[in-house]
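Notes follow once the structure below has been shown.
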Amino acid sequence: MKLKSLIALPALALIVAGAATGCSSAAGSEAQGVEARAEAGQLTIGIVFDRPGISQKNPDGSFSGFDVDVAKYVAGKLGVQESGIKWQEAPTAQRENLLQNGQVDYIVAAYTINDARKQKISFAGPYLTVGQSLLVRADNTDITGPESLNGGKKLCSTAGSVPAQNIKKNYSKDVQLQEYDTNAACVEALKSGAVDAISTDDVVLAGYAAINAGKLKVVGKPFTKDSYGIGLKKDDTAGRAKINDAIDDMIKDGSWAKAFAKNLGPSGYQQPAAPAVNRY
Amino acid sequence: MEILTEYGDQLLTAFIRTIQLAALSAVGALVLGTLLAAMRVSPVWALRTVATAYVNIVRNTPLTLVVLFASFGLAQQLGITLVDAKSPTSITDSSFRLAVLAFSLYTATFVCESIRAGVNTIPVGQSEAARSLGLGFTQGLRYIVLPQAFRAVIGPLGSILIALIKNTTVASVIGVAEAALLMKEVIENTSALIVVGLIFALGFMCLTLPTGAAFSHLSKKLAVRT
């Protein structure tokens, strides 16, 4: 018992200290900012590792996807070479904390802009307009959109995600929702026939359709409207302006369309119009 | 504070789900664990081997894999969903029952090992005396050995129950709407990782601290005094 409390106390102290620094650096006055980091030639960028077409870690350790291309382009505009980028995994629940603690400089990770998040961090962009949509097996003909989801259709979505909550709230009378902790698990369930459709952001679905061409397809029009932004520290106004400029340039010089076609084109998913950057 | 008022009802529902998961799994684990323990101390070689193999395999498999196997292996590949497929709530019910099954199968191994340790504390003279009274192996186990063994391991069984309560959070990977899944939702909506984490940690302590206190009380009260 004595030994236990001896170990537990410092551990608790560490946790509390960690929480405290998390708070203080959020309100921190030392404006380090993305620009200062970029001048030093090094950037740490938060991405996800497991979304085909969006951003994915390849077997050889490299990264590819639309988000990765956007992140690289922005880094280039900030004056950082590809070799100066350190990729860091940014799990959904930890994204705001990673930014507030300065563990990453910015995050490009299918990061939906919303007000709750804006209170903690700030968003550059948007660089992509997305909406919730449906992914079904290629031979499926009776699901054509959310209005055709009735008669106890089985739908899969990531546990706790906004799309899953949206289904629960608005379509719970018509469908049964299976939640799994990853999209990949939902894709397995869809392929095995355990569920009839998967619902999340259309571009994420497009990525899965692209690597399962001929087996899975995205159907119907998106039934929500969201935007992906690049997350960065809340007080970094100068950095946000720079990143906004970079996104503007990327859309204007055609790199944006090229990146979309390269990463998400093979799914047959139609390229959306480029969004207008919101300098709030 | 806003989080508590906004999600108060859902918090309650989610924790009730957690308690249901833990309680049902605890019963399942106790029954199966006792059976396994009986097999492991039995004089029949085949029973001992089967029980030993089961305990060693399941106990050393990560719980997440056991739970995922229940959903992907049993339900999707083998079609064992434990529900009527036409029921309008088949997915929710299926996930819940599969999770209870997985937790029972997994926790039973720990219960088995605890009870076996309890059996080892009973002097051999006790079962010899039972045999000389004309009791068979099963009778001796049931009337003489196990009642004393259980009373010796109430403390360890309490620790296993506490571990089980916390392990139920794994059920969110197959979509059981318990506390951990609600936590994911609230974090997704509020982005307040630390506050939300603390609220749920507190919720779990409300379940585990009384459990621990009750079991240490029971273990003192029911201990076999020699």
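As they're listed, the protein sequences go chains Z and P. The letter at position 165 of the first sequence is residue 165 when you use this note's numbering, and the numbering goes up by one with no holes. Just add 280 to the spot in the second sequence (first one is 1) and you have this note's numbering. Even for Gly, the Cβ is constructed at its ideal location relative to N, Cα and C.
Checklist entry - Quick one: is the Cβ of Tyr269/Z within less than 6 Å of any heavy atom of the ligand ADP? => result Here there are no bound small molecules, and the ligand ADP is not part of this structure.
Checklist entry - Quick one: Cα of Leu216/Z to Cα of Tyr208/Z, how far? => result Residue 216/Z sits at position 216 when you count from the first residue of the first sequence. Residue 208/Z sits at position 208 when you count from the first residue of the first sequence. Cα to Cα, Leu216/Z sits roughly 8 Å from Tyr208/Z.
Item to check | Limits of the beta strand (DSSP E) - the one that Ile198/Z falls within | outcome: The residue you call residue 198/Z lines up with position 198 of the first sequence. Residues 197 to 201.
Checklist entry - Can you tell me where the alpha helix (DSSP H) with Asp67/Z in it begins and where it stops? => result Position 67 of the first sequence, counting from 1, holds the residue named residue 67/Z. Looking at the DSSP string, the run of the alpha helix (DSSP H) that includes Asp67/Z is 66 to 77.
Checklist entry - If you draw a straight line from the alpha carbon of Thr488/P to that of Leu441/P, how long is it in whole angstroms? => result Your numbering for residue 488/P matches position 208 in the second sequence. Your numbering for residue 441/P matches position 161 in the second sequence. Those two C-alpha atoms are separated by around 9 Å.
Checklist entry - Below 8 Å, can you find three or more Cβ-Cβ pairs linking the region 337 to 347 of chain P to the region 313 to 323 of chain P? => result no
Checklist entry - What three-state label does DSSP hand Val466/P in the structure shown? => result In the second sequence, residue 466/P corresponds to position 186, counting from 1. If DSSP states are grouped into helix, strand and coil, Val466/P belongs with the helices.
Checklist entry - Does the beta carbon of Ser471/P sit closer than 7 Å to a beta carbon anywhere in chain Z? => result Locating residue 471/P in the second sequence gives position 191, counting from the first residue. Ser471/P counts as touching chain Z.
Next on the checklist: For chain P, check one thing: does any of its Cβ atoms lie closer than 7 Å to the Cβ of Asn166/Z?
Outcome noted: Within the first sequence, numbered from 1, the residue matching residue 166/Z stands at position 166. No, no contact with chain P.
Checklist entry - If you run the structure through DSSP and keep just helix, strand and coil, what is Ser227/Z? => result Position 227 of the first sequence, counting from 1, holds the residue named residue 227/Z. Looking at Ser227/Z - three-state DSSP - the assignment turns out to be strand.
Checklist entry - Within the chosen definition, does the region 492 to 503 of chain P reach the region 194 to 205 of chain Z through at least 3 CB pairs nearer than 8 Å? => result no
Next on the checklist: Taking the beta carbon of Cys392/P as the centre, do at least 16 other beta carbons fall within 10 Å, making it buried, or is it exposed?
Outcome noted: The residue given as residue 392/P occupies position 112 in the second sequence. With 16 or more other Cβ atoms within 10 Å, it is buried.
Checklist entry - Between the Cα of Thr44/Z and the Cα atoms of Lys72/Z, Asn97/Z, Asp105/Z, Pro52/Z, which residue gives the shortest distance? => result Along the first sequence, read from residue 1 onward, the residue named residue 44/Z stands at position 44. Per the Cα distances, Asp105/Z.
Item to check | Cβ-based burial, Phe260/Z [other Cβ within 10 Å; buried from 16] | outcome: Position 260 of the first sequence holds residue 260/Z. Counting Cβ neighbours within 10 Å, Phe260/Z comes out buried, since at least 16 surround it.
Item to check | Cut-off 6 Å between Cβ atoms - residues of its own chain near Pro436/P, not counting five sequence neighbours on either side | outcome: Taking the second sequence and counting its residues from 1, the one referred to as residue 436/P is at position 156. For Pro436/P, where only same-chain residues beyond five positions count, the Cβ hits under 6 Å are Ser394.
Item to check | Limits of the alpha helix (DSSP H) - the one that Val504/P falls within | outcome: On the second sequence, residue 504/P is found 224 positions in, with the first residue counted as 1. Segment: none, Val504/P is in no alpha helix (DSSP H) and carries neither H nor E.
Checklist entry - Helix, strand or coil: how does DSSP classify Gln176/Z here? => result Taking the first sequence and counting its residues from 1, one reaches residue 176/Z at position 176. Gln176/Z: strand per DSSP, three-state reduction.
Checklist entry - Which two residues bound the contiguous alpha helix (DSSP H) that contains Gln300/P? => result Against the second sequence, residue 300/P aligns to sequence position 20. First-last of the alpha helix (DSSP H) with Gln300/P: 282 to 320.
Checklist entry - Applying the criterion that 16 or more other CB atoms from any shown protein chain within 10 Å of the CB defines a buried residue, is Ala365/P buried or exposed? => result The sequence position of residue 365/P within the second sequence is 85, counting from 1. Flag for Ala365/P reads exposed.
Checklist entry - Which whole-angstrom value describes the C-beta separation of Asp181/Z and Ser367/P, a residue pair presumed to lie in contact below a C-beta threshold of 8 Å? => result Residue numbering aside, residue 181/Z sits at position 181 when the first sequence is read from its first letter. Residue numbering aside, residue 367/P sits at position 87 when the second sequence is read from its first letter. Between Ser367/P and Asp181/Z the Cβ distance is about 24 Å, and since that is not below 8 Å, they are no contact.
Next on the checklist: Going by DSSP in three states, Phe123/Z sits in which element: helix, strand or coil?
Outcome noted: Residue mapping note: residue 123/Z aligns to position 123 of the first sequence, counting from 1. Phe123/Z: strand per DSSP, three-state reduction.
Item to check | C-beta neighbour in chain Z for Glu465/P, strict 7 Å | outcome: To locate residue 465/P, count along the second sequence from 1; it is residue 185. Yes, contact with chain Z.
Checklist entry - Between the Cα of Ala185/Z and the Cα atoms of Cys156/Z, Val277/Z, Ala238/Z, Asp142/Z, which residue gives the shortest distance? => result On the first sequence, position 185 is the one that residue 185/Z refers to. Taking only the C-alpha atoms, the option nearest Ala185/Z is Cys156/Z.
Next on the checklist: I'd like to know whether the C-beta of Pro368/P is nearer than 7 Å to at least one C-beta of chain Z.
Outcome noted: Within the second sequence, the letter at position 88 stands for residue 368/P. Yes - at least one Cβ of chain Z is within 7 Å of the one on Pro368/P.
Next on the checklist: Using a Cβ-Cβ cutoff of less than 6 Å, which residues in the same chain neighbour Gly420/P once the five nearest sequence positions on both sides are dropped?
Outcome noted: To locate residue 420/P, count along the second sequence from 1; it is residue 140. If we look at Gly420/P and ignore the five residues flanking it on each side, its Cβ neighbours are Ser407, Ala410.
Item to check | Environment of Gly438/P [buried if 16+ CB atoms lie within 10 Å] | outcome: The residue labelled residue 438/P in the question sits at position 158 within the second sequence. By the neighbour-count rule (16 or more Cβ atoms within 10 Å), Gly438/P is buried.
Item to check | Arg117/Z versus Ile337/P - alpha carbon distance | outcome: Translated into the one-based positions of the first sequence, residue 117/Z becomes position 117. Translated into the one-based positions of the second sequence, residue 337/P becomes position 57. About 44 Å.
Item to check | Distance, Thr470/P Cα to Ser305/P Cα | outcome: If you number the second sequence from 1, residue 305/P lands on position 25. If you number the second sequence from 1, residue 470/P lands on position 190. Approximately 32 Å, taken between the alpha carbons.
Checklist entry - Under three-state DSSP, which class holds Ile47/Z? => result What you label residue 47/Z is simply residue 47 of the first sequence in a count that begins at 1. Reduced to three states, the DSSP call for Ile47/Z is strand.
Item to check | DSSP beta-bridge partners of Ile85/Z | outcome: Along the first sequence, read from residue 1 onward, the residue named residue 85/Z stands at position 85. DSSP output for Ile85/Z lists Leu43/Z as bridge partner(s).
Checklist entry - Under a three-way DSSP split, which group does Lys153/Z fall into? => result The sequence position of residue 153/Z within the first sequence is 153, counting from 1. Lys153/Z: strand per DSSP, three-state reduction.
Next on the checklist: List, in chain order, every chain Z residue whose beta-carbon is nearer than 8 Å to that of Leu461/P.
Outcome noted: The residue you call residue 461/P lines up with position 181 of the second sequence. The contacting residues are Ala159, Gly160, Glu179.
Next on the checklist: Output needed for Lys252/Z: all residues of its chain with C-beta closer than 6 Å, excluding positions within five of it in sequence on either side, in chain order.
Outcome noted: Position 252 of the first sequence, counted from the start, is the residue given in the question as residue 252/Z. Excluding sequence neighbours, Lys252/Z sits near nothing in its chain.
Item to check | C-alpha gap between Lys153/Z and Pro163/Z, whole angstroms | outcome: Start at 1 with the first residue of the first sequence, and residue 153/Z comes out as number 153. Start at 1 with the first residue of the first sequence, and residue 163/Z comes out as number 163. C-alpha separation (whole angstroms): 16 Å.
Next on the checklist: Strictly below 8 Å CB to CB, what residues from chain P border Ala194/Z?
Outcome noted: The residue given as residue 194/Z occupies position 194 in the first sequence. Those within 8 Å of Ala194/Z in chain P are Ala355, Gln356.
Next on the checklist: Less than 7 Å between the C-beta atoms of Ala124/Z and Arg240/Z, yes or no?
Outcome noted: Indexing the first sequence from 1 puts residue 124/Z at position 124. Indexing the first sequence from 1 puts residue 240/Z at position 240. Their beta carbons are under 7 Å apart, which means Ala124/Z touches Arg240/Z by this criterion.
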